[in-house]
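Notes for the one structure printed next.
In the working numbering, the protein residues as written are 7 to 145.
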């Protein structure tokens with residue numbers, strides 16, 4: 007493990023497996039932002055839009071947390087979760103109060119690691135994306 011101070015209040019830790027953790031302390035701001043950035047984006051795709059589709063599927067739930075249950079947990083913890091796909095990276099973020107740090111680490115780990123995509127959910131997401139694109143083109 008290698009720890010580096012990038013600037014005052016910002017530290018970066020690089021673990022032996024290559025995982026990089028960047029931390030910034032913001033005084034008087036009680037919110038924690040946990041962002042997982044994965045080197046997957048449109049620049050690396052053989053099938054256009056696949057990274058964006060997977061980004062949506064990540065929040066569709068798994069055997070332990072359905073999509074509905076995931077939303078209930080986030081609401082109860084007053085947390086916010088989002089994802090974004092860019093050219094060279096896809097990010098998954100959770101913003102939450104310090105009281106729920108261990109639960110949100112587990113939650114983000116589960117939604118990324120324990121994927122069990124049902125074909126019905128994949129079809130639903132594909133249709134939503136197609137309709138969204140068509141709607142954008144019509145406007």
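Just so it is clear, CB atoms sit at the ideal spot from N, CA and C, and this is done for glycine as well. Source: prediction; values computed, not measured.
**Prompt:** Pick from 31, 90 and 95: whose alpha carbon is nearest that of residue 51?
**Reply:** 95
**Item:** Beta-carbon gap between residue 135 and residue 59 smaller than 8 Å
**Value:** yes
**Request:** From the DSSP output, read off the bridge partner residues of residue 29.
**Result:** 17
**Message:** Between the alpha carbons of residue 26 and residue 141, how many angstroms are there, rounded?
**Reply:** 39 Å
**Item:** Coil, strand or helix - residue 71 by DSSP
**Value:** coil
**Message:** With three or more C-beta pairs closer than 8 Å as the rule, is the stretch 7-18 touching the stretch 71-90?
**Reply:** no
**Request:** Give every residue of the same chain whose Cβ lies closer than 7 Å to the Cβ of residue 114, excluding the five residues on either side of it in the sequence, and list them in chain order.
**Result:** 40, 42, 98 and 100
**Asked** Ordered along the chain, which non-local residues of its own chain (more than five positions away) have a Cβ less than 8 Å from that of residue 45?
**Response** 94 and 95
**Request:** Determine the burial state of residue 110: buried for a count of at least 16 other Cβ atoms within 10 Å of its Cβ, exposed for fewer.
**Result:** buried
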